[in-house]
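Asker: Just passing along the structure, written as structure tokens.
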Amino acid sequence: MHSYLIKFLFSVMLYIFTVSTANLVWATESYDNLDLKSLNQLTKKNLRAGNYELAFLQAKETLKRAREQNDPIVLSDALSNIASTQLYLGLFENALIYYEKSLKTAQQSSYIVGVERAINNISGLYIQTKNLEKAYEILLELPVFNGVDRPIDRQIMSYISLARTLHDLERNEEAKEYLKKAESLFVDNDLDFYKTYWFLLDGDIKRSDKKHEEALQSFNSALDIATKRGFNGVEVMAIESIAYVHMHKGESDKARRLIDEGIAKANEINLNQKKISLLELIYKIEKKEGNYQKALNTLEEINVLAETISGTKVQILLAIAESERQMEKTKQQLLESQQKERLATLELEKNYQRQIVFGLLTLISVAGILFWNYLRNAKKEIERQKHLNKELQSVDRLKDRILTNTSHELRTPLNGIIGLSNAILVEYGDDFDQELIKSLEMINQAGSQLSSIVNDILDFAQIKTQHLHIRPENFDLIRLILEVKNLCHSMTSNTEIDLRCNLEMMEMTVYQDQQRVRQILYNLIGNAIKFTPKGHVEISCQLKDKVVVISVKDTGIGIPKEKLETVFRGFEQIDPSDTRNYSGSGLGLAISRELAKFMGGGISIASELNKGTEVIFTVPVNYQNAVDQNEPEEARAS
3 MHSYLIKFLF SVMLYIFTVS TANLVWATES YDNLDLKSLN QLTKKNLRAG
53 NYELAFLQAK ETLKRAREQN DPIVLSDALS NIASTQLYLG LFENALIYYE
103 KSLKTAQQSS YIVGVERAIN NISGLYIQTK NLEKAYEILL ELPVFNGVDR
153 PIDRQIMSYI SLARTLHDLE RNEEAKEYLK KAESLFVDND LDFYKTYWFL
203 LDGDIKRSDK KHEEALQSFN SALDIATKRG FNGVEVMAIE SIAYVHMHKG
253 ESDKARRLID EGIAKANEIN LNQKKISLLE LIYKIEKKEG NYQKALNTLE
303 EINVLAETIS GTKVQILLAI AESERQMEKT KQQLLESQQK ERLATLELEK
353 NYQRQIVFGL LTLISVAGIL FWNYLRNAKK EIERQKHLNK ELQSVDRLKD
403 RILTNTSHEL RTPLNGIIGL SNAILVEYGD DFDQELIKSL EMINQAGSQL
453 SSIVNDILDF AQIKTQHLHI RPENFDLIRL ILEVKNLCHS MTSNTEIDLR
503 CNLEMMEMTV YQDQQRVRQI LYNLIGNAIK FTPKGHVEIS CQLKDKVVVI
553 SVKDTGIGIP KEKLETVFRG FEQIDPSDTR NYSGSGLGLA ISRELAKFMG
603 GGISIASELN KGTEVIFTVP VNYQNAVDQN EPEEARAS
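Residue numbers for the sequence shown follow the numbering used here, beginning at 3 and rising by one.
Encoded structure:
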């Protein structure tokens with residue numbers, strides 16, 4: 003009876019794992035009714051539409067079938083499509099590997115279109131990573147430059163691409179030669195789209211030669227064509243270039259009018275990244291003219307807009323990684339369950355054999371066997387208890403190590419999430435509707451919160467073992483405060499809280515660990531908002547004797563005097579009733595004060611029950627000064 007029960011339980015587990023696997027791989031199975039070329043076209047369609055997660059899964063399925071059917075053309079396209087998803091997500095090394103495989107496959111099959119696409123993509127990748135010389139070398143491999151006859155539009159784009167790269171390399175004379183070659187190929191109006199890019203590059207070269215009036219003529223020509231033909235994105239690019247020239251000529255009014263026109267057009271077509279570029283021009287003009295308050299307002303608008311256009315890449319990267327991870331995990335669990343079932347069956351057989359032996363011994367001497375069995379069971383129980391005690395001790399020793407290792411494993415992809423989120427809608431934000439953008443913002447926000455929790459856990463473990471290191475760098479503290487304020491602003495939605503700043507300076511460059519300062523600010527501001535049902539939270543910053551003094555003051559519930567030191571202990575909150583009303587691990591203030599000490603500063607707190615709390619965070623402007631004033635060990639640990 004016991005053996006049948008175990009077999010039944012393992013069968014149920016096997017069924018659950020099988021169902022889970024089927025749910026994870028439904029996407030690939032649903033394409034069985036499509037032929038190879040149709041599936042490849044569907045993948046390209048989803049790439050153009052911005053459905054990168056689905057495109058990635060389809061491209062992998064296409065790649066698998068193309069290899070099975072030995073179709074090099076579709077294989078090259080599938081490799082290119084996978085590379086495009088990797089590039090979109092910022093995984094440059096992965097993208098380069100797949101693009102190079104696509105190029106090699108296209109070359110082996112004399113697939114010229116695939117060769118051109120792969121070379122242009124590889125060159126563009128090197129441009130994004132600032133390796134201009136390598137980008138130039140790759141472009142020289144285009145068929146046009148190697149005696150292969152190609153259509154006019156392919157020739158024009160090859161010349162313009164090479165000229166743009168030469169201009170970026172400050173080799174303008176060579177760039178002009180290729181521009182002339184491209185210009186000679188403009189024979190009819192069907193090439194207007196390429197003409198706009200020709201005029202934009204011509205204007206950039208003339209602007210770098212300080213021929214501002216001639217540059218304006220080229221930019222205006224690009225603008226005229228783009229406006230007439232409805233090339234909306236190029237139109238905004240031309241407006242930005244013209245405004246940039248007027249700004250450098252000191253014609254601020256003209257520049258402002260053009261920038262306003264460009265912003266209106268960018269809003270109309272939801273081209274948010276170009277809107278940021280135009281706002282940055284406004285910021286430079288205001289700052290140059292001494293309108294610091296307006297410049298600060300513009301800077302805040304830029305920060306808010308940058309946050310609104312981030313999030314899509316995080317969602318896609320998480321979805322792809324989670325899908326593959328879950329599939330691998332499920333397969334592994336399925337294998338493990340099968341192995342456990344076999345082991346259980348073997349164990350049952352062994353037990354059955356033992357029972358036969360014990361039965362025979364019982365027939366020989368019931369009394370002796372009972373006594374022997376009693377001693378044996380007693381000894382086994384003692385050994386089991388000893389073994390259990392050793393396991394518990396081992397678990398306790400492993401606890402901190404598991405905590406650190408697990409936090410590291412979670413922290414790496416979460417940092418990727420936050421870093422990648424700022425680049426997603428910058429490039430493709432105009433392809434999404436507002437509902438999707440809001441959903442993506444929520445994902446980004448959730449990722450940031452989860453990252454904060456993981457970082458708290460990891461930092462707490464590192465602080466306990468004195469393994470935390472400070473990585474100082476120069477950065478603008480005022481801008482960082484505004485970024486954190488904007489990030490925390492969403493926490494005040496649907497509340498009666500006014501989150502405001504009282505900053506006496508426009509800029510303040512410090513040499514400290516930027517990530518740790520951001521972490522402390524987020525904890526302090528987040529705590530203030532969390533424990534303030536209504537009223538306001540005010541952030542102020544002052545510089546006193548080469549020490550930065552940052553105050554976060556709220557009108558919240560306050561803290562009793564006898565509890566002021568308790569809040570700086572790990573996993574502690576004010577009292578059980580507060581724990582029910584205000585969730586959290588209780589690590590925020592404890593970690594923040596220890597981090598401040600590591601950077602040579604400190605955190606103090608003053609509070610009055612039901613009236614509010616003020617937390618003062620101090621840190622030296624230069625971390626090196628703090629290290630020089632102490633022994634090396636004291637500079638790294640409190």
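Don't be surprised by glycine CBs; every beta carbon is placed ideally from N, CA and C.
Computed from a predicted structure; not experimentally measured.
Is T511 near the ligand COA, going by C-beta to nearest heavy atom under 6 angstroms?
Answerer: The model on display carries no ligand, and the ligand COA is accordingly not part of it.
Asker: So is Q71 buried or exposed if we call it buried at 16+ other beta carbons inside 10 Å?
Answerer: So Q71 ends up on the exposed side.
Asker: For the alpha helix (DSSP H) that contains E263, what are its first and last residues?
Answerer: Start and end: 254 to 270.
Asker: If we call anything under 7 angstroms between Cβ atoms a contact, is M617 one with I607?
Answerer: Before going further, note that residue 617 is Val rather than Met in the sequence given. Closer than 7 angstroms, so yes.
Asker: Between which two residues does the beta strand (DSSP E) carrying R502 extend?
Answerer: Looking at the DSSP string, the run of the beta strand (DSSP E) that includes R502 is 498 to 505.
Asker: Quick one: is N627 buried, meaning 16 or more other Cβ sit within 10 Å of its Cβ, or exposed?
Answerer: Flag for N627 reads exposed.
Asker: Relative to the C-alpha of P415, which candidate in G449, K382, I384 has its C-alpha closest?
Answerer: Per the Cα distances, G449.
Asker: Which residue's Cα is closest to the Cα of E263: V247, L280, R595?
Answerer: Nearest option by C-alpha distance: L280.
Asker: Using DSSP with H/G/I as helix, E/B as strand and the rest coil, what is E509?
Answerer: In the structure shown, E509 sits in coil (DSSP, three-state: anything other than H, G, I, E or B).
Asker: From A308, P74, A80, pick the residue whose C-alpha is nearest to that of K47; which is it?
Answerer: The option with the nearest alpha carbon to K47 is A80.
Asker: Let's test the definition: count the other Cβ atoms within 10 Å of the Cβ of G614 and tell me whether it reaches 16, buried, or not, exposed.
Answerer: Label assigned to G614: buried.
Asker: Taking DSSP's pairing of strands, which residues face T620 in a bridge?
Answerer: In the DSSP output, where bridge partners are listed per residue, T620 has V551, G604.
Asker: Look at the Cβ atom of T107, then the Cβ atom of Y138, and state whether they are nearer than 7 angstroms.
Answerer: Contact flag unset, no.
Asker: As a quick exercise: from A592, S492, T511, pick the residue whose alpha carbon is nearest that of Q521.
Answerer: Ranking A592, S492, T511 by Cα distance to Q521 puts A592 first.
Asker: Can you tell me where the alpha helix (DSSP H) with G126 in it begins and where it stops?
Answerer: Taken as a continuous stretch (DSSP letters only), the alpha helix (DSSP H) holding G126 covers 114 to 130.
Asker: Determine which residues share a DSSP beta bridge with C543 and list them.
Answerer: DSSP output for C543 lists L505, I552 as bridge partner(s).
Asker: Would you list the one or two residues that DSSP bridges to T615?
Answerer: Answer is D556, S609.
Asker: Hey, how far is the Cα of E498 from the Cα of V554?
Answerer: The straight-line gap from Cα to Cα measures roughly 18 angstroms.
Asker: If you run the structure through DSSP and keep just helix, strand and coil, what is H538?
Answerer: Of the three classes helix, strand and coil, the one that applies to H538 here is strand, per DSSP.
Asker: Is D500 near H538, with beta carbons less than 7 angstroms apart?
Answerer: Yes, the pair counts as a contact, with Cβ atoms nearer than the cut-off.
Asker: By the 10 Å Cβ neighbour count, where 16 or more other Cβ atoms means buried, how is I483 classified, buried or exposed?
Answerer: The residue in question, I483, is buried, as its Cβ has 16 or more Cβ neighbours within 10 Å.
Asker: Measuring alpha carbon to alpha carbon, tell me which of T198, S254, S220, D255 ends up nearest R231.
Answerer: Nearest C-alpha to R231: T198.
Asker: Let's test the definition: count the other Cβ atoms within 10 Å of the Cβ of G313 and tell me whether it reaches 16, buried, or not, exposed.
Answerer: For G313, the predicted structure reports a pLDDT of 46, less than 50, and the residue's modelled location is therefore unreliable. The matter cannot be settled from this model.
Asker: Give me the residue from K296, A297, M239, N299 with the minimum Cα distance to I271.
Answerer: Checked all of K296, A297, M239, N299; the closest Cα to I271 is M239.
Asker: By Cβ distance below 8 angstroms, which residues in the same chain neighbour E102 in space, the five residues on each side in sequence not counted?
Answerer: The answer, listed in chain order, is A120, I124.
Asker: How do the region 127 to 137 and the region 176 to 184 stand: do at least 3 beta-carbon pairs fall below 8 angstroms, yes or no?
Answerer: The region 127 to 137 is not in contact with the region 176 to 184.
Asker: Looking at A530 and D556, is the spacing between their C-beta atoms short of 7 angstroms?
Answerer: Against a cut-off of 7 angstroms, the Cβ pair of A530 and D556 comes out as a contact.
Asker: If you check the beta carbons only, do T523 and V486 fall under 7 angstroms apart?
Answerer: At residue 523 the sequence reads Leu, which differs from the Thr that was named. Taking 7 angstroms as the Cβ cut-off, L523 and V486 qualify as a contacting pair.
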